[in-house]
Structures are given as C-alpha cells and as structure tokens.
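Inspection log for the structure reproduced underneath, given as structure tokens.
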Amino acid sequence: MSSNTTQRAAGDNLSGFERQITQARVDAYAEASGDHNPIHLDETYAASTQFGTRIAHGMLSLAIVTEMLATEFPDTWHSGGKLKVRFSSPVFPGETVTTYGEITSIDESNNGLIATCVIGCKKPDGTDAAAGRATVPLE
Amino acid sequence: MEAPLISTAVVGHEFGPYDVTIPAARAAAYAEAVGGAESPDYGDSLAPIMVVAAALTELIADMGLFSGGLQTIHTGQEVGWVRRVKIGEKVDATARLAANSVRRGNHFATVAVSYIDSEGIEIGTSTTTIVVTGQASS
Numbered sequence: 845m846s847s848n849t850t851q852r853a854a855g856d857n858l859s860g861f862e863r864q865i866t867q868a869r870v871d872a873y874a875e876a877s878g879d880h881n882p883i884h885l886d887e888t889y890a891a892s893t894q895f896g897t898r899i900a901h902g903m904l905s906l907a908i909v910t911e912m913l914a915t916e917f918p919d920t921w922h923s924g925g926k927l928k929v930r931f932s933s934p935v936f937p938g939e940t941v942t943t944y945g946e947i948t949s950i951d952e953s954n955n956g957l958i959a960t961c962v963i964g965c966k967k968p969d970g971t972d973a974a975a976g977r978a979t980v981p982l983e
Numbered sequence: 007m008e009a010p011l012i013s014t015a016v017v018g019h020e021f022g023p024y025d026v027t028i029p030a031a032r033a034a035a036y037a038e039a040v041g042g043a044e045s046p047d048y049g050d051s052l053a054p055i056m057v058v059a060a061a062l063t064e065l066i067a068d069m070g071l072f073s074g075g076l077q078t079i080h081t082g083q084e085v086g087w088v089r090r091v092k093i094g095e096k097v098d099a100t101a102r103l104a105a106n107s108v109r110r111g112n113h114f115a116t117v118a119v120s121y122i123d124s125e126g127i128e129i130g131t132s133t134t135t136i137v138v139t140g141q142a143s144s
C-alpha cells in the first residue's frame, strides 16, 4: 500500500484482506442501513427462497471492497472514484470474503492520471461474491 | 395488498427526493457493522457507499419491495463520487427508474440516483440493478 498514488503502475496489486461476514455483522448492517429485507435476517423466510438460508447484503460485500479502495487511494478514492460491480454469488453468514484488486491500466485524462482496476471479493470456494472495475484519480 | 410500484412504474418514473443525511450515530453504527476496528479511519467524512445504501433503503421501501412474498435480489451496483461528504452534511437523493422489464415473471429494474448537496450541486451518482421475484402477498 502506498499513499503516493502517482507512483502506481499497471500490474500493481491492491492490498486485499479477509473479513468474516458473521450473522451479527449482517444484523448490525441491517440496523445501520435500514435494509431489513428478511432474506438477510429471517432464517425461516430465507429457507423458502432459492438460497435456502440467509444471505448477506450485497452492499455489505461492496462496502468491504470499497474499504480496500479507500485504503489504497486515501487521497483520491472519495473524490472522483467510480466503480461498477456485479454481485455474482451470495455470501452466507459465517463465510469469510477476501478482497482483491489489480491496476490494469493508467491513462491520462483532462483531470490527470486515472487508474483502472479490476476489483472484487471472493468467497472461500474462490468464486466471486462481487466483481467489477473501478477507476480512481491518481493525483 | 396494493401492488408494488415496480409492477406499474414506467421508465422515467422519479422517486424521492430522499434526505440521506447521515448523522454521526448512524455513521458510527455503519462503520462498526462493516469493519469496526479493521476499517479505515475516515475522520469526519463518510464512506460514499454509506450514502448510497441509505438511498437504496428508501428506494426499495418506496418501490414496495419489502412486501411479503417478494424476493428482491441486488444484482449490480455502480457508484461515482465527486468529493468527500462530511458526517451530518445535508445530502438529498433523487432516483429515476432507468429500466423495468419482465422476463419469465421476474422484474428486472435499474434505478439511477443523483446525490445533491445543499448548494444544489451533484456530488455523486449511483445505479442499482435488482431482480424481483415472487408475488406480493397480503
């Protein structure tokens, strides 16, 4: 990790990390976000869905991915950063997700250098829970 | 039960504005839920995704997607942010239904959201894609 973002190069990996998505974390996220969809909270209800059990909020996984971006690009992620992700697989409470990212290109723009990164987080079986791209100003 | 709005809303339908100002207590609860001590220190600023989540909750409620019998799956998300937002700073979100189709009985909807500060300046945008299955029950 470096706060000197102008020294980045294509091929650089972002510093991923692991985080366990416990049901307590899901419950706390529901309270904080106001998203009380029973598919996240009610095991009886969730058992009747296609997933068969409760799943974590997709936005919780995405929030964890954006923490990686905020850590990697502390001066610029919140001021000009963009991302687009697809929620590919549900995260089940108790699973640990691992964030990942790589700078795939750095391009000049009217506002300076912009890094394009592949980003996401993986489930324990290696499948993507969330995956996509982000662009972040480097200066 | 009244049919959820997603059943009748046409593309271009606007939702909001929603006041998505995040007070300190909610910001702290959110940060604790996402990562607690493991999370970066944002100081007096918010993680933009927190504001997006607040708008999404209002939007899903307005669209009637908390109705029993419906299953709402969040399948995609875009976010772009122009500048840092302070904790407690006034932000309003206005949403527009950008796509709404039905395939095999499932609704596929895309909603674009614009975030405006107290000066009337757009400070962020987001786009949410959801799939809604099932039938609203009474």
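From first to last, the protein sequence lines are chains A and B.
Add 844 to a position in the first sequence, counting from 1, and you land on the number used in our numbering.
Add 6 to a position in the second sequence, counting from 1, and you land on the number used in our numbering.
We put the CB at the ideal spot given by N, CA and C, even for glycine.
Buried or exposed, going by whether 16 or more other CB atoms sit within 10 Å of the CB of Val17 (chain B)? exposed
Is there a Cβ from chain A that is less than 7 Å from the Cβ of Thr134 (chain B)? no
Are Tyr944 (chain A) and Gly878 (chain A) closer than 7 Å when you measure CB to CB? no
In chain A, which residues lie with their C-beta within 7 Å of the C-beta of Glu1 (chain B)? Outside the shown range of chain B (7 to 144) lies residue 1 (chain B), about which nothing can therefore be said.
Spatial neighbours of Lys967 (chain A) within its chain, please: CB distance less than 7 Å, with the 5 preceding and 5 following residues excluded, ordered by chain position. Ser933, Val935, Glu939, Val941, Ala973
For Met845 (chain A), would you say it is in contact with chain B, using Cβ-to-Cβ distances shorter than 7 Å as the test? In this predicted model, Met845 (chain A) has a pLDDT of only 47, less than 50, meaning its place in the structure is not dependable; the value taken from the coordinates is given anyway. With 7 Å as the cut-off, Met845 (chain A) does not count as an interface residue toward chain B.
Taking DSSP as the reference, what is the three-state secondary structure of Ser144 (chain B)? Any reading at Ser144 (chain B) is ruled out, since the residue's pLDDT is 48, under 50, leaving its predicted position unreliable.
Assuming contact is defined by CB atoms lying nearer than 7 Å, are Ser949 (chain A) and Thr960 (chain A) in contact in what I supplied? yes
Length of the line joining the Cα atoms of Thr888 (chain A) and Thr897 (chain A): Note on geometry: alpha-carbon atoms of Thr888 (chain A) and Thr897 (chain A) lie some 8 Å from one another.
Spatial neighbours of Met845 (chain A) within its chain, please: C-beta separation below 7 Å, excluding the five flanking residues on both sides. Interpretation of Met845 (chain A) is limited by its pLDDT of 47, a score under 50 that renders its predicted location unreliable; no figure is taken from the coordinates.
Give me the subset of the segment 78-89 of chain B whose CB atoms are less than 9 Å from a CB atom of chain A, sorted by chain position. Within the segment 78-89 of chain B, those residues whose Cβ lies closer than 9 Å to any Cβ of chain A are, in chain order, Thr78, Ile79, His80, Thr81, Gly82, Gln83, Glu84, Val85, Gly86, Trp87, Val88, Arg89.
CB-CB under 8 Å to Thr866 (chain A), same chain, minus the five flanking residues each way: which ones, in chain order? Pro937, Gly938
Find the nearest neighbour of Tyr24 (chain B) within the set B:Arg32, B:Ser107, B:Glu64, B:Ser45, judged by alpha-carbon distance. B:Glu64
Whose Cβ in chain A lies nearer than 8 Å to the Cβ of Ala99 (chain B)? Neighbours of Ala99 (chain B) on chain A: none; closest Cβ ~13 Å, over 8 Å.
Give me whichever residues DSSP pairs with Gly126 (chain B) in a beta bridge. Looking at the DSSP assignment, Gly126 (chain B) forms no beta bridge with any residue, so it has no partner.
Which of the three DSSP states, helix, strand or coil, is assigned to Asp68 (chain B)? helix
Boundaries of the alpha helix (DSSP H) in which Ala37 (chain B) is found, first to last residue: 30-40
Below 9 Å on C-beta distance, what does Gly788 (chain A) contact in chain B? Residue 788 (chain A) falls outside the range modelled here, since chain A spans only 845 to 983, and no answer is possible.
Residues of chain A with CB under 8 Å from Pro46 (chain B), in chain order? By Cβ distance, chain A contributes Glu911, Ala914, Thr915, Pro918.
Among B:Tyr36, B:Leu76, B:Asn106, the one whose alpha carbon lies nearest that of Val58 (chain B): Looking only at B:Tyr36, B:Leu76, B:Asn106, the smallest Cα-Cα distance to Val58 (chain B) is reached by B:Tyr36.
With burial defined as no fewer than 16 other Cβ atoms inside 10 Å of the residue's Cβ, what is the status of Asn857 (chain A): buried or exposed? exposed
With a cut-off of 7 Å, does the C-beta of Val942 (chain A) fall near any C-beta of chain B? Residue identity differs from the one stated: residue 942 (chain A) is Thr in this sequence, not Val. So, not an interface residue.
Under 7 Å, Cβ to Cβ, is there at least one residue of chain A near Asp27 (chain B)? Residue 27 (chain B) is actually Thr in this sequence, not Asp. Not one beta carbon of chain A lies nearer than 7 Å to the beta carbon of Thr27 (chain B).
Could you pull out every residue in the same chain whose Cβ sits closer than 7 Å to the Cβ of Ser847 (chain A), ignoring the five residues on either side in sequence? A caution first: Ser847 (chain A) carries a pLDDT of 47, below 50, which makes its placement in the model unreliable, though a value can still be read off. For Ser847 (chain A), where only same-chain residues beyond five positions count, the Cβ hits under 7 Å are Pro918, Asp919.
Do you know whose CA, among B:Ala39, B:Thr81, B:Val26, lies nearest Pro54 (chain B)'s CA? Measuring from the Cα of Pro54 (chain B), the nearest candidate turns out to be B:Val26.
Starting from Thr63 (chain B), find everything on chain A with Cβ-Cβ shorter than 9 Å and list it in chain order. Here the neighbours are Ser877, Gly878, Asp879, His880.
Give me the Cα-Cα distance between Gly964 (chain A) and Thr133 (chain B), rounded to the nearest whole angstrom. Looking at the two C-alpha atoms, the distance is approximately 17 Å.
Outcome for Val108 (chain B) when other beta-carbon atoms lying within 10 angstroms are tallied against a minimum of 16: exposed
Tell me, please, which residues DSSP counts as bridged to Asn112 (chain B). B:Arg109
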